[in-house]
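Trainee: Sharing a structure with you now.
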Amino acid sequence: MTAKQFLVSICCGVCGLLSGPPAFSQVLGAPPQSQVKALVGRLDLERYKATIKGLTQFGDRQQGTDRNRAAVDWIEAQLKSYGCANTERIRYVYIAPAPQPRQGTGAAKAVEISSGEVVKGVGGSRLRGFVQRQLPNNDPAAQTNPSLRALNAGPVSSGPSEEVYCTKVGATHPDEMYIVGAHMDGQGLGEAADDDGSGTALVMELARVFSDPDVVTERSIRFVLWNNEESGHVGSRAYVQQRASLQGKESPPGSGLYPEPRWLGMIQHDMVLWDHGMPGPDGAVSAEQRREADINIEFRSSAKFADQAMKLAFVLHDANENYATDYPAAVGPHMSNSDSDEFMDYVPAISLRENERGMQIGAGWNPHYHQATDLFSSYSDKDFRLGLNAAQTTLGAVAQLAGASLKN
Ligand SMILES: [Zn+2]
């Protein structure tokens, strides 16, 4: 018997580091399960929309403002009301940059990338077709609704910042967890309804479903609403810096409590509503959702855990085929520019979006991106339903990975 076999023989089922979670490949291709389907069925379009609407009462929730802090408090109150009761906060300091020169939307013609020309986008992506350049709006005059303009007028200041999370504690493996995240801050002086009210509401709805008293999971699931994503992932980086070394440690010893369960995977949600296709030569994007609308699941091919992240991405792809009601999912290798970047060298990390971040969002496929028009009223039920399908996808996957079941 080797030393490791001996250790497994004495602590199998308790010692997560040695017995370990199911490999992603063991979950890949798993047939649909009736209990997972029942859980996914607890998601609802009207509830999802209502949660996004609730977030929009805080305007664009820009980092370092009173409206941002009020939104964190509101999110925490919602999590508690769902029964995800033991909410906690990460605290860090945000240093605001000097104010930038005013820049509005400004209509411009799209640029056409010519045949054979290689133009790289973020995350290793390659841009194709018509590309529309977009800068974040920081011009208050671009907001035509006077009460929203007043709500978004509060100043940005440096100082202590906070973000909130809550945890579903695993019944048999409380020392291991999946992290399900989205960023609650926004910019553009609108309502940040899509970026990232849509992802924040998705994570909140999953927290609600998994916190139902009749739901049991073998492993833990942490629901995190990152702050300061738009200023460069400041909140998620603080989380990694403060907590990576605490993973899997029982505290106090013998208590059965694991303040930071070992990370098994990180799944980020960032803009999940709008998939209307490529801009035309005039720079305009269709007002209608494209018939081919899908959810884009991305991993980063250059990440330390790229192979496992790719497998995790395909677990979600499977879950989409098994549990999502309307829209398919596609997997790509260029995850970029979101909180998942901070985790990708520690743990398999992926992101879900309405479009690929590099080639599509980065080429101007969403005209509301970081604009004053990122309003609840800018999206149709088809758009909201795409976001709901992203929620169904992640819920189905995490239910299987964390070993969820319903009590009789
Ligand atoms: Zn975002």
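Residue numbers for the sequence shown follow this note's numbering, so the first one is 257 and each next one is one higher. A virtual CB, placed ideally from N, CA and C, is assigned to each residue, including glycine.
1) Pick from V496, K424, S492: whose alpha carbon is nearest that of D470?
2) How big is the Cα-Cα spacing for Y495 and I346?
3) Fully enclosed by the segment 403-434, which beta strand (DSSP E) runs are 3 residues long or longer?
4) Can M433 be considered in contact with ligand 1, in the sense that its beta carbon sits closer than 7 Å to one or more heavy atoms?
5) Can you pull the DSSP bridge partners for K376?
6) DSSP on E554, reduced to helix/strand/coil?
7) Suppose contacts are defined by Cβ-Cβ distances below 8 Å. Is L572 in contact with I606 by that definition?
8) Report back the beta-carbon spacing between A438 and V459 to the nearest angstrom; my notes put them in contact at under 8 Å.
9) I need the DSSP call for N664, collapsed to helix, strand or coil.
10) Reducing DSSP to helix, strand and coil, say where V387 ends up.
11) Using the Cβ count rule (16 or more neighbours within 10 Å means buried), how would you classify T312?
12) Closer than 7 Å: is that where the CB of E485 sits relative to any heavy atom of ligand 1?
13) Roughly how many angstroms separate the alpha carbons of E418 and R464, rounded to a whole number?
14) Quick one: is D637 buried, meaning 16 or more other Cβ sit within 10 Å of its Cβ, or exposed?
15) Shorter than 7 Å, the distance from the beta carbon of S594 to the closest heavy atom of ligand 1, or not?
16) Under 8 Å Cβ to Cβ from L502, same chain only, skipping five residues before and after it: list those, please.
17) Who are the Cβ neighbours of N578 in its own chain at under 7 Å, not counting the five residues just before and after it?
18) Straight-line CA distance for A660 to V541?
19) Please go through the segment 276-353 and give each complete beta strand (DSSP E) segment of 3 or more residues, from N-terminal end onward.
20) Starting from V455, trace the alpha helix (DSSP H) in both directions and tell me its first and last residue.
21) Identify every residue that forms a DSSP beta bridge with V587.
22) Expressed to the nearest angstrom, what Euclidean distance is found between the alpha-carbon atoms of S467 and Y338?
23) Given this structure, state the Cα-to-Cα distance separating A397 from R405, to the nearest angstrom.
24) Using C-beta distances below 7 Å, list every residue in its chain close to A580, excluding the 5 sequence neighbours before and after it, in chain order.
25) Counting along the chain, where does the alpha helix (DSSP H) carrying D525 start and finish?
26) In the DSSP assignment, find the beta strand (DSSP E) that holds S607 and state where it starts and stops.
27) Drop a sphere of 10 angstroms on the beta-carbon of G588, count the other beta-carbons inside from all chains shown, and report buried for 16 or more, exposed for fewer.
28) Taking F479 as part of the beta strand (DSSP E), name the residues at either end of that continuous run.
29) Please report the distance separating the alpha-carbon of E486 from that of E548.
30) State yes or no: is the C-beta of M527 nearer than 7 Å to some heavy atom of ligand 1?
31) Helix, strand or coil: which one does DSSP assign to A580?
32) Could you tell me the distance, in whole angstroms, from the CA atom of M566 to the CA atom of M615?
33) Is it buried or exposed, G521, if we count other Cβ atoms within 10 angstroms and call 16 or more buried?
34) Do you know offhand how far R546's Cα is from P623's?
Mentor: Taking the definition as stated:
1) Walking along the sequence shown from the start, residue 470 turns up at place 214. The candidate whose alpha carbon is nearest that of D470 is K424.
2) Start at 1 with the first residue of the sequence shown, and residue 495 comes out as number 239. Start at 1 with the first residue of the sequence shown, and residue 346 comes out as number 90. Cα-Cα distance, rounded: 7 Å.
3) Qualifying beta strand (DSSP E) stretches, in chain order: 415-424.
4) Here residue 433 is taken as the residue at index 177 of the sequence shown, counted from 1. At a threshold of 7 Å, M433 does not count as near ligand 1, since its beta carbon sits no closer than that to any of the ligand's heavy atoms.
5) Translated into the one-based positions of the sequence shown, residue 376 becomes position 120. Answer is R382.
6) Looking up residue 554 in the sequence shown gives position 298. Strand at E554.
7) On the sequence shown, residue 572 is found 316 positions in, with the first residue counted as 1. On the sequence shown, residue 606 is found 350 positions in, with the first residue counted as 1. In this structure, I606 lies closer than 8 Å to L572 by Cβ.
8) For the purposes of this step, residue 438 is taken as residue 182 along the sequence shown, with counting starting at 1. For the purposes of this step, residue 459 is taken as residue 203 along the sequence shown, with counting starting at 1. Indeed, because the Cβ distance is near 5 Å, the residues count as touching under 8 Å.
9) Position 408 of the sequence shown, counting from 1, holds the residue named residue 664. Of the three classes helix, strand and coil, the one that applies to N664 here is coil, per DSSP.
10) As a first step, residue 387 must be located in the sequence shown, where it is residue number 131. DSSP places V387 in strand when its eight states are reduced to three.
11) On the sequence shown, residue 312 is found 56 positions in, with the first residue counted as 1. By the C-beta density criterion, T312 is buried, having at least 16 other C-beta atoms within 10 angstroms.
12) Residue 485 sits at position 229 when you count from the first residue of the sequence shown. It does: the Cβ of E485 is within 7 Å (strictly closer) of some heavy atom of ligand 1.
13) Mapped onto the sequence shown, residue 418 falls at position 162. Mapped onto the sequence shown, residue 464 falls at position 208. Cα-Cα distance, rounded: 22 Å.
14) By one-based count along the sequence shown, residue 637 stands at place 381. By the neighbour-count rule (16 or more Cβ atoms within 10 Å), D637 is not buried but exposed.
15) Locating residue 594 in the sequence shown gives position 338, counting from the first residue. Yes, Cβ of S594 sits closer than 7 Å to a heavy atom of ligand 1.
16) As a position in the sequence shown, residue 502 is number 246, starting the count at 1. Contacts found: P515, E516.
17) Translated into the one-based positions of the sequence shown, residue 578 becomes position 322. Within the same chain, N578 has close Cβ partners P288, G652.
18) Here residue 660 corresponds to residue number 404 of the sequence shown, with the count starting at 1. Here residue 541 corresponds to residue number 285 of the sequence shown, with the count starting at 1. Spanning the two alpha carbons is a distance of roughly 41 Å.
19) Segments of the beta strand (DSSP E) lying fully in the segment 276-353: 344-350.
20) Residue mapping note: residue 455 aligns to position 199 of the sequence shown, counting from 1. Looking at the sequence provided, one finds Gly at residue 455 rather than Val. Where G455 is concerned, the enclosing alpha helix (DSSP H) stretches over 455-466.
21) Taking the first residue of the sequence shown as 1, we reach residue 587 at position 331. Its beta-bridge partners are I553.
22) Your numbering for residue 467 matches position 211 in the sequence shown. Your numbering for residue 338 matches position 82 in the sequence shown. Straight-line Cα distance between these residues: approximately 6 Å.
23) The residue labelled residue 397 in the question sits at position 141 within the sequence shown. The residue labelled residue 405 in the question sits at position 149 within the sequence shown. Distance between the alpha carbons of A397 and R405: 8 Å.
24) Locating residue 580 in the sequence shown gives position 324, counting from the first residue. Only N645, Q648, T649 meet the Cβ criterion.
25) Taking the sequence shown and counting its residues from 1, the one referred to as residue 525 is at position 269. Here residue 525 is His; the residue named in the question, Asp, does not match the sequence. Here H525 belongs to no alpha helix (DSSP H); instead the beta strand (DSSP E) covers 518-525.
26) Here residue 607 refers to the residue found at position 351 when the sequence shown is read from its first residue. Unbroken beta strand (DSSP E) run through S607: 605-609.
27) Reading the sequence shown from its first residue, position 332 is the one you call residue 588. That one is buried.
28) If you number the sequence shown from 1, residue 479 lands on position 223. From DSSP, the beta strand (DSSP E) with F479 extends over 475-482.
29) Position 230 of the sequence shown, counting from 1, holds the residue named residue 486. Position 292 of the sequence shown, counting from 1, holds the residue named residue 548. Approximately 29 Å, taken between the alpha carbons.
30) Taking the first residue of the sequence shown as 1, we reach residue 527 at position 271. Correct: M527 has its Cβ closer than 7 Å to ligand 1.
31) Here residue 580 refers to the residue found at position 324 of the sequence shown. A580: coil per DSSP, three-state reduction.
32) On the sequence shown, position 310 is the one that residue 566 refers to. On the sequence shown, position 359 is the one that residue 615 refers to. If you take the alpha carbons of M566 and M615, they lie about 19 Å apart.
33) On the sequence shown, position 265 is the one that residue 521 refers to. G521 is buried by the Cβ-count criterion.
34) For the purposes of this step, residue 546 is taken as residue 290 along the sequence shown, with counting starting at 1. For the purposes of this step, residue 623 is taken as residue 367 along the sequence shown, with counting starting at 1. Their backbone Cα atoms lie some 14 Å apart in a straight line.
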